[in-house]
Structure formats: structure tokens, C-alpha cells
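Reviewing the structure listed below.
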Amino acid sequence: MNRPETDETIIQRRTRRITITAVVVCAVILAGGSLIYVLLQNILNSTTDSRIMTASEEYRNNIIRLVESDIQILQTFGSFLGEEDVADEEAFSEKLYEANKKNDFLGMAYFGSGIGIMTAVRGGVETGVIFDTLPEELKEALERAGNGEIAVSDIYDSENMGEDMFAVCVPVIMKEKVMGVIAAADSASRVGGLFSEYFSSDAYSFVHLVGKDGVFRIRSREGSLSVDAESVFDNPYLDEETEESMKAAMQDGESGMYTLRVNGTRYKIYLEPVGINNWYLFCVNTMKEVVGSAYWVITGAQAAFIIILALCIFMIFFAFLFVRSNSRRLLRAAYTDPITGGCNLSGFLKKLDDACGHGTQFSVAALNMHQFKFINEIFGKEQADRLLDYIGTILRDELGKEEFFGRDTGDYFYLFLLETARNEVEMKLHKIMRKIKQAPFLERSSYHVLFYCGVTDTEGQERGGELPSRMMTQVMFALDKAGETRQDNVWFYDMQLHEKEKRENYIESHMHQALEKEEFRLFLQPKMNLQDGSLAGAEALVRWITDEGKMMFPGDFIPLFEKNGFCARLDMYMMECVCRHIHQWIEAGVQPIPISVNQSKLLFYEADYPNRLRELVAEYNIPAGLVTLEILEGLAIGNVEELNERIMLLQKEGFRVSMDDFGTGYSSLNVMGALKIDELKLDRAFLMEISHENNSRQRVVMEMVMALTRRLQIATVAEGVETEENEELIRELGCDMGQGYYYSRPISAEDFDRKFMKITPPASDR
Ligand code: C2E
Ligand code: MG
Ligand code: MG
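Read in order, the letters of the sequence shown are residues 6 to 771 in the working numbering.
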């Protein structure tokens, strides 16, 4: 069987659910946050990438444009040359020098068969220049031009000019023959000067012109590499993998984007072939330089986002801690009895449940006080609470370390004892009861309290999940039994109680079915008029006749039905039987007599109770005055006014109200005087007491009651009339009616009709 969920498991389950939710929410926020972070990072990356690529492209185009315009100038100049121009070296050198001055070249040169002229804007003209003395890079380009192709030299260090140079060489063709080569030299810094135009002059970006081998050709002044690095690969921050892929790309003449991390700053490197001499542009950019303020916007957004994220997670975590501590506090409150500070019933059951799992032998005892409600009434709630608190203190003192107790509502205390020997348990409980009686306020008031205890133990019990609830049921049976005697009493659960438990089990599991199958039968007992001996009425008493034909008396099941609430349904059912029966009398043409019906406390205070009664009498078309509602005096305790309101409401509907069992409880004449009842039924015990010869005091009380009822115009019925003497006695006292075995035992409605109404009931009602 599944164990019922306790408050703790519910709270634990909820806390677990909240924890999971909090973790999931945090994870979602984190994942979403990371996604947004990555997106922003990607935007930043791609913005940097496109920025660097556009700039590099631009720069490359400018180099090409620069070289092409040089070529154009040289070709134009060459196209005007004839054989006669170059025949005279002196004259031609002058012409070349003139052309040099008109253009921006640092120097120009012409090499043809046997001629070698070089001019320099700042140095004049030199003829008879020997080819072999020229720098290698220049010689190589001139040779290529000599073979008819336009060539650009690699960067070379010119001794004459004292700076890095490059030259553009164009063949001079006459009559479809290469007659010579014309060249123009420019400062490498002209190319370098372009860098700063496209890469703004901040420290975040720079560009180098490198050869296919990675060796610097034109080196930017900025950059993080040491000054004596020969090539871009002399870079300690470049990892092997990136270097390899750079080299491979340069070998294949391809461009490529790379990332480098130096001292926590990410650099983007873009390698792009220029398209001249296997030159490469090596562009470097830190992320910070993205399109003006965009970098700061994105980075700011990222930072703000991280802060919000951290705040969210912090708040969720904080809320989680709050909920958890709250749940714990709630849990503690849910298990604590505010009066004694110990466990309440739930707390006790939980501890009992835990203890059952340990396999030790133990006893459970229930301790209760006779008439605790009177302590409440007489001394007030505050004193009563103080007494309960005192009991808690005594129990704490008397119970062992591993033992515990709990309090249910009122004065119900449950004890867990690690003792199963009956005499030991009994001694312990008696000691506890003795000590409680020494409570200062009880001693002061000299109010005598009586306790009773029920006990059950684990001896011979089947272990398992049902043990705690089984033991709680058993202990209640033992407690009920212990309460039957008015003395400090300890009762152990035994076979007899086990039988009772079984019977009650049967009753509870069969009651609904029994109601449907009409196993509850209407029995009637006559009420006789003591003045003339005529039939004054009848009382409806229920009998349960099971389908096996066994008859059960109200004493066997009514107390249980009162506890489980079924009594209200049964009473309404009986009420309907009574209405139907009176209706049958009227139909049969006999003079109907009033029938009294017992009403349980539960039903009497139900909100729609008067309405339902009214509907019933209307349905069966009978006068409400033929129905007397018997209520118990216990209903009056503490709420005479409320009860009176109910009574008067019912009387307005025409019903009569009778107070049953007067004299058994603690009803005072005051209460009786205050209630607006129509009839008073004196309990059988009253009659028994005054029947004793020497009980004159009881007789005086009875006479007083009779006098009072007469003055208040309340009819009186004496119950339990068993003999002629009984009848004589109550007549003398002035009772109006008598009810008891002397006239008739309760008999089935059919027998009653035959015997007292002189009719044979219709077959359908049998
Ligand atoms: P009660 O209302 O006081 O009913 C009178 C009880 O006394 C009946 O017991 C009756 O059989 C018994 N009695 C009558 N005359 C004598 C006598 O001369 N000597 C002795 N020794 N006993 C006598 P019963 O029928 O067992 O009912 C017991 C109680 O059960 C009733 O006490 C009533 O409180 C309750 N009860 C019975 N029927 C119903 C019902 O339909 N609804 C509710 N709520 N309670 C019922
Ligand atoms: Mg009654
Ligand atoms: Mg009675």
C-alpha cells in the first residue's frame, strides 16, 4: 500500500520542484545570455573582418594604381623614343633628366645596347652606368623588362638614394624589337605612406607589406613585433598551427583571416596577395577599432548583459533560499503544538513512522482527561491551556531520551514509550498521571481530575508501512475502553478490543451498502399517557438487520456513525421512514400519533437541516406537529443561545422538540430552564436512582424538575419504566408520560401497527 503523503513530503516535493525550476530558469538565462553574448561577439567579429578586408582591398588597389600610373608614364615616354634619340647617350641623358624632373619619380634609368643612363631628381645625371653594379632586385626587374615584359622590382636598399626603393621597368620597343628598358624608381615610403590613410593612425591597426616568404618589405612603424624581427613569422605569439596555415595560404597565393591573442587582446590578421611580385599585405587589427563607437556599444552591451545575468541569477538564488527557509519554518510550524511546544499529532505520527522503521519494540499510549471541556468552561481557556502546557512539561521530564510525545486537539496526548512490559508501562503512566495532578493550579482549586490511558505495543504485530496507523487505531480503542470507568485507568489493547475493532471495521465498510439495501429498519416503542393509560406517541429506534438476518442495536453502530459522520445520513433516512409511516396511518384512516425521532448533533446544526425537514413533511403531506425531534442535552453545552435559535426555527415550522436522556450528562436546571423545548425525557438512570428506598435527595431533585417543567409548560416523559411500581412512582411525581419495557420493547413498525394501531400494514411496507 502506498503511504499517504505527509506535509513534509509535500513540502520536500515542492522545494525540489522549486529548485529544479530555479536551476532550469538559471540555465535558460545562462544559455540565452551566452547566445546573445556569442551573437554580439559574432557581430563584433564580422564587423572587424569586413572592416579589415575593405581597408586592405582599398590599400591593395592603391598600390596597383600607383604602379600602373608609373607604367603609363613610362610607356608614354617610351613610345616617343626613336633610334636617333638613344643614339646619342649624352643628349638622351639630358632628355631623361628633364622627364624625371617633370614627374615625381626619385630617379629614372635607361638601359639599351651599350647604354646605361641613370638620373636622380636630387643628384643629376650619370651615364655609362654598369649594369652589374646595380642592386640585385633592380637587375632582375630590368632583365625581365629586357625580355619584353613590364616588371616591378622588389624593394631594394639604394645606396645612392639612402633609402628603400622600388622600380617600375618597361621595355622600349622599336620596329617590334626591344631596344632597351626604361625604368622609374620610387621611394618605398610612398607605398608605406598609404597605410595611414586607410588604417587610422591609432594604435589598434597597422599593415606591413611582406614577401611570399613572410619577410618584411615595407614595415609599418606600429605593431607589436620587436624591431629586429625579420619576418612576420618571427612572432612569439603566433602558434604553430596558424603559422602553418598562413604559409600554406601564401604558397597558394590565397588570402586568409587569422586570430592572434597577445596579452589578453585579440588581434585579427588578414593576409591578402597584392598581385605584384608575390607581395602580401599583412593587415593587423585589434577588435577595439571597429567602426568608431560600435566596439564600445557592443562591448558595453555585453558588460551590461553580464551584469543583468549575474543579478538575475543572484535574485533567483536568493528567492530560492528564501522559499527554502520559509518551507522549513512552515514545516516546523506544521509539526509543532503551539501550546506545549512539543509535537502536534502530525509531528507525532511522523516520528512514529520513523521509529517503526528502526525495528525496535515499543508502546504507544494515549492519555486523556475526563471532562476536560469543563476545565475550559469553569476555569477559562487560558487556565486550560496552562494545564496542557504543564502536562507537556511533565511528559518531557518523565519520558526517556529516545521517547517522545505529541498532542492532538484538546487534551489528547500520545506517548511513544520504549517499553513493552505492561507493568512497567502502567507504572510509568500512573506516575505521570500522579504528577499532573500536582499541577499548582489544580491543587489550588482542589478540582479533582481523572485521567485514563490506552496502550498498545509492537509485541506480535506485523511490521510494515501500516503499523503506525494500525497502532493509532488500537490505542484509540484501548483509550475508549479505559474511559468507560471513572478512575485513573490504564487499558491495554487486547483480543476483546480487537474483536470490537473488527466489528467496527465491518460496520464502516458495510454501512453505505446497508442503507441502499434498506437494512436499517424502523422500530417503534410506545409512549403512554400516565393519566389515562392511552397511547400518547412512539419513539422511532433504528435496528440494523443484516442480510444474514442478524439484528444489530444502535449501541453497536450509532457511536461509530457519530464519529464518521454517517449518522446525519441515517437520521434523515429514519426521518423519511417515520414520515412515510405517519402518512400510511393517515391513508389507512387511523388516528395518527406523534413519533419521536432521535437526531444527532451533526445533523442538527447542518445549514439546510430545517429545509430538508420541511420538504419531507410536505412530500408525505403530514402535519409537522406529528414529528418530535429528540435532541441530546450535550448540544446545549456552551451555546444555549444558538441552540435556542435552532429550536425556535424548527418550532416555527411546526415540529416539536424534546430533550432526551436528561440527567445523564451535566445538564443544570439553568440550562433546561433556558431552553425553549416542548418535552423533557428523563433518562432511565434517574428512575433507577429514585427507585431505591433511601434515595430521598434524588427524589427531591426530581420533584424540583417536575415543578419547573410544569411551570414552563414542558411535557415530561420518564424512560425505562419496567415495572408497575416504576409507573406508580413517576405518576406520583407528576410525570406526563412513561416509556419502557413495562408497556413494550421497541418492536418493528409492522408489529407496532398490529399491536397498537390495530391495522395490518400493506404488503409493500413489510
Ligand atoms: P434513547 O433515545 O434514549 O432510546 C431509548 C433506549 O432505551 C432504546 O435503546 C430503548 O430500547 C431503551 N429502552 C426503552 N425502554 C427501556 C426499558 O424499560 N429498560 C431498558 N433497559 N431499556 C429501555 P436503543 O434502541 O438501543 O437505542 C439506544 C440509543 O440509540 C437511543 O437512546 C438513541 O440515543 C440512539 N438511537 C436509536 N435510534 C437512533 C436513530 O435513529 N438515530 C440516532 N441518532 N440515534 C438513535
Ligand atoms: Mg431517544
Ligand atoms: Mg433516552
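Cβ atoms here follow ideal geometry from the backbone N, Cα and C, with glycine treated the same way.
**OP:** Just the C-alpha distance for D416 and G470, rounded to the nearest angstrom, thanks.
**Re:** So the two alpha carbons sit approximately 28 Å from each other.
**OP:** Label A612 either buried or exposed according to how many other C-beta atoms from any shown protein chain fall within 10 Å of its C-beta, with 16 as the threshold for buried.
**Re:** exposed
Subject >> S163 classed as buried or exposed, judged by whether at least 16 other C-beta atoms fall within 10 angstroms >> reply: buried
Original post:
Hey, out of F528, A172, L314, Y64, whose CA is closest to A125's CA?
Top reply: A172
Original post:
Does the beta carbon of R526 fall short of 7 Å from some heavy atom of ligand 1?
Top reply: no
Subject >> Straight-line Cα distance separating F85 from F97 >> reply: The straight-line gap from Cα to Cα measures roughly 12 Å.
Original post:
Out of L71, L286, F418, which has the shortest C-alpha to C-alpha gap to D218?
Top reply: L286
Original post:
With L400 and F418 assumed to form a contact (beta carbons below 8 Å), what rounded beta-carbon distance in angstroms separates them?
Top reply: 7 Å
Subject >> alpha helix (DSSP H) segment containing P559, residue limits >> reply: 559-569
Original post:
Could you give the uninterrupted runs of the beta strand (DSSP E) lying entirely in the region 471-508, keeping only those of 3 residues or more?
Top reply: 494-497
Original post:
Going by the C-beta, is D756 closer than 7 Å to any heavy atom of ligand 1?
Top reply: Judged by the Cβ position, D756 fails to qualify as a neighbour of ligand 1 at the 7 Å threshold, every heavy atom of the ligand being at least this far.
Subject >> Collapsed DSSP secondary structure at S777 in the structure displayed >> reply: Outside the displayed span of the chain (6 to 771) sits residue 777, for which this structure offers no information.
Subject >> Pairwise C-alpha distance: Y614 and L648 >> reply: Approximately 13 Å, taken between the alpha carbons.
Subject >> Cα-Cα separation, A208 to L326 >> reply: Bear in mind that the predicted position of A208 carries a pLDDT of just 48, short of 50, making it too unreliable to give a figure here.
**OP:** Specify, as a first and last residue, the run of the alpha helix (DSSP H) that V645 falls within.
**Re:** 645-657
Original post:
By DSSP, does H517 sit in helix, in strand, or in coil?
Top reply: helix
Subject >> Residue of G364, F456, L520, V134 minimising C-alpha distance to E489 >> reply: Of the listed residues, the one whose Cα sits closest to E489 is F456.
Original post:
Distance, Cα to Cα, V369 vs L447?
Top reply: Their Cα atoms are separated by approximately 27 Å.
Original post:
Expressed to the nearest angstrom, what Euclidean distance is found between the alpha-carbon atoms of E592 and T461?
Top reply: 57 Å
Original post:
Closest by CA to V134, which one among N152, A114, K252?
Top reply: A114
Original post:
Between V177, T52, V186, which lies nearest to E145 when the distance is taken from Cα to Cα?
Top reply: V186
Subject >> Where the alpha helix (DSSP H) through G151 begins and ends >> reply: 141-151
Subject >> With 16 other Cβ atoms within 10 Å as the buried cut-off, status of Q479 >> reply: buried
Original post:
If we cut at 8 Å on Cβ distances, does L335 have a partner in chain B?
Top reply: No chain B appears in this structure, which consists of one protein chain only.
**OP:** With DSSP collapsed to three states, give me the class of E448.
**Re:** helix
Subject >> Close-in-space but distant-in-sequence residues of the same chain around F761 (CB under 7 Å, 5 per side omitted) >> reply: P531, L540
**OP:** Spatial neighbours of T721 within its chain, please: CB distance less than 6 Å, with the 5 preceding and 5 following residues excluded, ordered by chain position.
**Re:** L685, T714, C740, D741
Original post:
Does any heavy atom of ligand 2 sit closer than 7 Å to the C-beta of E635?
Top reply: yes
**OP:** Kindly list the residues whose CB is nearer than 8 Å to the CB of I311, restricted to its own chain and excluding five residues on each side of it in sequence; keep chain order.
**Re:** G38, Y42
Subject >> Through-space distance from T138 to N47, alpha-carbon basis >> reply: 55 Å
Original post:
My guess is that G459 and A487 are in contact by the Cβ rule of under 8 Å, so how many angstroms apart are they, rounded?
Top reply: 5 Å
Original post:
Can you find at least 3 beta carbon pairs, one from the region 55-64 and one from the region 352-360, that sit closer than 8 Å?
Top reply: Taking one beta carbon from each stretch, the region 55-64 and the region 352-360 have fewer than 3 pairs nearer than 8 Å; the two do not touch.
**OP:** Please state if the CB of L423 and the CB of T365 are separated by a distance shorter than 8 Å.
**Re:** yes
Original post:
Three-state secondary structure (DSSP) at N7?
Top reply: Note that N7 has pLDDT 45, beneath the 50 cutoff, so the model's placement of it is unreliable and the number below is only indicative. In this structure, N7 counts as coil in the three-state DSSP scheme.
**OP:** Determine the contact status of V5 and S236, defining contact as a CB-CB distance below 8 Å.
**Re:** This structure gives no information on residue 5, because the portion of the chain shown stretches from 6 to 771.
**OP:** Taking the CB atoms as reference points, tell me whether M653 and L621 lie closer together than 8 Å.
**Re:** no
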